[in-house]
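S.K.: Pasting a structure below so you can have a look.
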Amino acid sequence: MIGREKIIHVKVPGSSANLGPGFDSLGLALPFYLSVRVQLAERNSIKVYGDHLASLPLDSSNLIYQTMNYFYQKENQELPPVAIEIESEIPLSRGLGSSGAAIVAGLLAANELMDGKKSKEEILQYATELEGHADNVAASLYGGFVVTTWDGKTAKAEHFPVTEELQVLLAIPNYTLSTNIARKAIPKDIPLKDAAFNIGHSALLVTYLLTGQYDKIPLVMKDRLHQPYRQTAVKGLERVIREIGQHELWGVALSGAGPTIILFIPPNQKKVAETYMKQIAREEGIEFEIKSCFIENEGAKIEILWGSHLF
Ligand code: HSE
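Each residue of the sequence shown is one higher than the one before, starting from 5 at the first, in our numbering.
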């Protein structure tokens, strides 16, 4: 392609879903980004940057491409040939919302390519249809702390900024877990008392996060819906959940479907959290990449660049 071409650049943060008791409902955006550049082209082509993305398909089975296609199908139109470039700081299959971010990126890029008319609420709807739950996609789309629901037809989400009083530590292991398998580990039916337990705990967690009562998070960072069934596949999780009360930290949860472990850290306790997780790594024989960060409050961004052909 010759001359100055329109390039759509979408930058989407990763996320941590569930936050303990809020299975499939609560999420936080994280400041690690997926960047996607899309341009009309003569034929379809996809390029990824970085060895960690080498496993991604470069044909029509690519999730970003499929998502763009889904958007066009929903609008009864045909996706024109596109060139797609993908870069990402979000580790794949670690419970950090890489597929949710890819879905949001694909939908925003397709919307921009078509006419840019869809609202974020409509993008959320399509994203949730594709993902099957709204927690990751809403966090990636809106940023901040999100509270979501999905009844199989309609997605709803509210989002709120999170102050720097709350920091999180992510202990990202060097092995991956499939979300599909991790979802199958959860029984289809759960006891009523466990459902009631989680409703109360997640409702209070939302209350504490929205009213800035972060020091009360430890009281409610408990879950009976998914972590008990998933923890056998997540090295170190059961121990950290058992021991967290002995440290001056605000709580621990499985990030999404895992295997990343997320710790909620009070101000000035970052070192304590890092030292503790390094001890866990040593004693349990786990290789973790440890990252501490604040919550990402901006959400997905789109910019239009003008340049020559992408690659
Ligand atoms: N809420 C989802 C789960 C997040 O726990 O399975 C992972 O995609």
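For every residue, glycine included, the Cβ atom is placed at its ideal position computed from N, Cα and C.
1) Mark Asn115 as exposed unless 16 or more other C-beta atoms lie within 10 angstroms of its C-beta, in which case mark it buried.
2) Assign Arg41 to one of two classes, buried (16 or more other C-beta atoms within 10 Å of its C-beta) or exposed (fewer than that).
3) CA-CA distance, Ala175 and Ile68?
4) Taking Lys160 as the reference, which of Thr211, Tyr74 and Asp28 has the closest Cα?
5) Work out the CA separation of Lys124 and Val108 for me, nearest whole Å.
6) Is the separation between the beta-carbon of Gln235 and that of Leu229 shorter than 8 Å?
7) Just confirm the distance between the C-beta atoms of Ser92 and Leu145, as a whole number of angstroms; I'd bet it's less than 8 Å.
8) Just mark Tyr37 as buried or exposed, buried being the case when its beta carbon has 16 or more other beta carbons within 10 Å.
9) Does DSSP classify Met5 as helix, strand or coil?
10) Applying the 10 Å Cβ sphere with the 16-neighbour rule, what's the burial state of Cys297?
11) Just the C-alpha distance for Pro195 and Gln231, rounded to the nearest angstrom, thanks.
12) Going straight from the alpha carbon of Val238 to that of Pro85, what length do you get?
13) Among the candidates Pro35, Gln43, Thr215 and Ile94, whose CA atom is the shortest distance from the CA of Tyr53?
14) Tell me the DSSP bridge mates of Trp310?
15) Taking the C-alpha atoms as reference points, what is the distance between Gln283 and Val256?
M.R.: Reading from the atomic positions:
1) buried
2) buried
3) 27 Å
4) Asp28
5) 10 Å
6) no
7) Actually they do not touch by this definition, with Cβ atoms about 17 Å apart.
8) buried
9) Caution applies to Met5, whose pLDDT of 44 falls short of 50 and renders its modelled position unreliable; the value that the coordinates give is listed next. Three-state result, Met5: coil.
10) exposed
11) 15 Å
12) 41 Å
13) Ile94
14) Lys10
15) 15 Å
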